[in-house]
Amino acid sequence: MWLPPTGQSQPLVFDSPHSSCRFPSHPLLAATEAQLKTGWDAYVDELWQPSVARGASLIAANFSRMFIDPNRAATDIDAALLAEAWPEDLQPTPYSDRGMGLIRRFALPGVPMYAGRLSVTDVQERISAYYQPYHEALATRLDTLKAQFGSVWHVDCHSMKSTGNAMNIDAGIARPDVVISDANGTSASREFSSVVINEFQRLGLRAALNHPYQGGHIVRHYGLPSAGMHSIQIELNRALYMNEATFEKSANFAQLQQDLAQVTETILEYIKANT
Numbered sequence: 001m002w003l004p005p006t007g008q009s010q011p012l013v014f015d016s017p018h019s020s021c022r023f024p025s026h027p028l029l030a031a032t033e034a035q036l037k038t039g040w041d042a043y044v045d046e047l048w049q050p051s052v053a054r055g056a057s058l059i060a061a062n063f064s065r066m067f068i069d070p071n072r073a074a075t076d077i078d079a080a081l082l083a084e085a086w087p088e089d090l091q092p093t094p095y096s097d098r099g100m101g102l103i104r105r106f107a108l109p110g111v112p113m114y115a116g117r118l119s120v121t122d123v124q125e126r127i128s129a130y131y132q133p134y135h136e137a138l139a140t141r142l143d144t145l146k147a148q149f150g151s152v153w154h155v156d157c158h159s160m161k162s163t164g165n166a167m168n169i170d171a172g173i174a175r176p177d178v179v180i181s182d183a184n185g186t187s188a189s190r191e192f193s194s195v196v197i198n199e200f201q202r203l204g205l206r207a208a209l210n211h212p213y214q215g216g217h218i219v220r221h222y223g224l225p226s227a228g229m230h231s232i233q234i235e236l237n238r239a240l241y242m243n244e245a246t247f248e249k250s251a252n253f254a255q256l257q258q259d260l261a262q263v264t265e266t267i268l269e270y271i272k273a274n275t
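Each residue of the sequence shown is one higher than the last, beginning at 1 in my numbering.
Below, the structure written as structure tokens:
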């Protein structure tokens, strides 16, 4: 799904790669619907949607990251998932080691996604039909705005469990309200990251920079501040706006949505001063 800006376009793009819980039917799927939902960044696209009325663009995935994850490199594949050898070199990362690479091995700690191994054709079709179109849409929008304005600012939008589980690098640790990540200063100017984190703190939210997340594949792939491409990742604590057990919105949903609209306004003010 791509929501174009209403009114005058601004060089600001939001993307939500984990915004869907739609998982296509699969004969080997072993995880339950409830288990699959735990990987869903519930309502994140809706939380940021008011940014569109302010001239920003919003791109959101319409497939579950548990099926294929746009926030992983296309080579981040666990060979143990495959029934046959991959035709090219694989480059699994620590994400794959924890069972959460491009194709998930586990839905939750100790809970396998599949009852058997996947064919190479299966994975290749997921890449061509889901992964590549998402990245093509995002890259096209970023490139178009970069050509028009000279620079572009990009926010990769996510939500996080209030406490990490055994598949996470911060297992058992309570998380802040918001985590902003810029790949330790390599995917965006530190000035931009500081503007965003300061605004969240001004709004009364506990915000951290690059901890426990430093930024996933998307911001590392697209962010190149020396060329005017600034990408940050924002993780919102799900306890801020929903019941993590039932996936129902909480009474604070509307307030957080308003806060994010204010964050968007602050980003746009910063962009105006820097273009």
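C-beta: ideal position from N, C-alpha, C; glycine also.
In or out: residue i buried (at least 16 other Cβ within 10 Å) or exposed?
{"i": "Gly-110", "result": "exposed"}
{"i": "His-211", "result": "exposed"}
{"i": "Asn-276", "result": "Since the first and last residues shown for the chain are 1 and 275, residue 276 lies out of range."}
{"i": "Thr-264", "result": "buried"}
{"i": "Ala-129", "result": "exposed"}
{"i": "Ala-64", "result": "The sequence shown places Ser at residue 64, not Ala. So Ser-64 ends up on the buried side."}
{"i": "Ser-119", "result": "exposed"}
{"i": "Asp-143", "result": "exposed"}
{"i": "Gln-255", "result": "exposed"}
{"i": "Ser-25", "result": "exposed"}
{"i": "Arg-126", "result": "buried"}
{"i": "His-233", "result": "With the sequence shown as reference, residue 233 is identified as Gln, and His is not the correct amino acid for it. Per the 10 Å Cβ criterion, buried."}
{"i": "Ile-169", "result": "exposed"}
{"i": "Gln-258", "result": "exposed"}
{"i": "Glu-84", "result": "exposed"}
{"i": "Glu-33", "result": "exposed"}
{"i": "Gly-223", "result": "buried"}
{"i": "Asp-69", "result": "buried"}
{"i": "Glu-248", "result": "exposed"}
{"i": "Ala-147", "result": "exposed"}
{"i": "Ser-19", "result": "buried"}
{"i": "Glu-199", "result": "buried"}
{"i": "Gln-214", "result": "buried"}
{"i": "Ser-181", "result": "buried"}
Going along the chain, which residues of its own chain have a beta-carbon closer than 6 Å to the beta-carbon of residue i, five neighbours each way excluded?
{"i": "Gly-216", "result": "Asn-71"}
{"i": "Trp-2", "result": "Ile-59 and Ala-137"}
{"i": "Ala-208", "result": "Pro-176 and Val-179"}
{"i": "Arg-141", "result": "Val-13 and Ser-57"}
{"i": "Gln-91", "result": "Thr-75"}
{"i": "Ser-231", "result": "His-154, Ser-187, Ala-188, Val-219, Tyr-222 and Gly-223"}
{"i": "Ala-261", "result": "Pro-50"}
Quick check on residue i - is its C-beta less than 8 Å from some C-beta in chain C?
{"i": "Glu-244", "result": "In the displayed structure, chain C is absent; only one protein chain is listed."}
Looking only at its chain, what residues have a beta carbon closer than 7 Å to the beta carbon of residue i, apart from the 5 residues adjacent to it on each side?
{"i": "Ser-162", "result": "Ala-174, Arg-175, Asn-237, Arg-238, Ala-239 and Glu-244"}
{"i": "Arg-220", "result": "Ala-183 and Ser-187"}
{"i": "Phe-282", "result": "Coverage of the chain is limited to positions 1 through 275, which leaves residue 282 absent and any answer about it impossible."}
{"i": "Leu-81", "result": "Ile-103, Arg-105, Arg-117 and Leu-118"}
{"i": "Ser-159", "result": "Asp-41, Ala-42, Val-44, Glu-235, Leu-236 and Arg-238"}
{"i": "Pro-4", "result": "Ser-57"}
Round the Cβ separation of residue i and residue j to the nearest angstrom and send it over; I've been treating them as touching at under 8 Å.
{"i": "Trp-153", "j": "Pro-27", "result": "That pair is no contact at about 43 Å."}
{"i": "Val-52", "j": "Leu-145", "result": "Their Cβ separation, rounded to whole angstroms, is 14 Å, which puts Val-52 and Leu-145 out of contact at 8 Å."}
{"i": "Trp-40", "j": "Cys-21", "result": "4 Å"}
{"i": "Asp-45", "j": "Ser-16", "result": "4 Å"}
{"i": "Tyr-134", "j": "Ala-31", "result": "Contact flag wrong, Cβ pair sits at about 22 Å."}
{"i": "Gly-99", "j": "Gly-150", "result": "Not confirmed; about 42 Å, so no contact."}
{"i": "Tyr-131", "j": "Phe-192", "result": "In fact, because the Cβ distance is near 27 Å, the residues do not count as touching under 8 Å."}
{"i": "Gly-7", "j": "Gly-55", "result": "6 Å"}
{"i": "Asp-78", "j": "Ser-96", "result": "4 Å"}
{"i": "Ile-197", "j": "Asp-156", "result": "No, Ile-197 and Asp-156 are not in contact; Cβ-Cβ is about 15 Å, not under 8 Å."}
{"i": "Leu-29", "j": "Tyr-114", "result": "6 Å"}
{"i": "Thr-38", "j": "Ala-139", "result": "That pair is no contact at about 29 Å."}
{"i": "Val-195", "j": "Thr-266", "result": "7 Å"}
Starting from residue i, follow its DSSP beta bridges and name the residues at the other end.
{"i": "Ser-114", "result": "In the sequence as displayed, the identity of residue 114 is Tyr instead of Ser. Per DSSP, Leu-29."}
{"i": "Asn-252", "result": "In the DSSP output, where bridge partners are listed per residue, Asn-252 has none listed."}
{"i": "Trp-153", "result": "Leu-12 and His-230"}
{"i": "Phe-106", "result": "Pro-112"}
{"i": "Asn-243", "result": "Note: Asn-243 sits in no beta bridge, so no partner."}
{"i": "Leu-236", "result": "Ser-159 and Val-178"}
{"i": "Trp-2", "result": "Ile-59"}
Taking only heavy atoms of the ligand NAD into account, decide whether any of them is closer than 7 Å to the Cβ of residue i.
{"i": "Ile-103", "result": "The ligand NAD is absent from the structure shown, which contains no ligand whatsoever."}
Whose C-beta lies closer than 8 Å to the C-beta of residue i among residues of the same chain, with five residues either side of it excluded?
{"i": "Asp-252", "result": "It is Asn, not Asp, that sits at residue 252 in the sequence shown. Hits under 8 Å: Leu-240 and Tyr-241."}
{"i": "Arg-206", "result": "Pro-176, Asp-177 and Val-178"}
Could you tell me which uninterrupted alpha helix (DSSP H) segments, each at least 4 residues in length, are contained entirely in the region 7-72, listed from first to last along the chain?
Runs of the alpha helix (DSSP H) inside the region 7-72: 33-37 and 44-48.
Ordered list of beta strand (DSSP E) runs contained in the region 178-224, each at least 3 residues
Runs found: 178-181 and 207-209.
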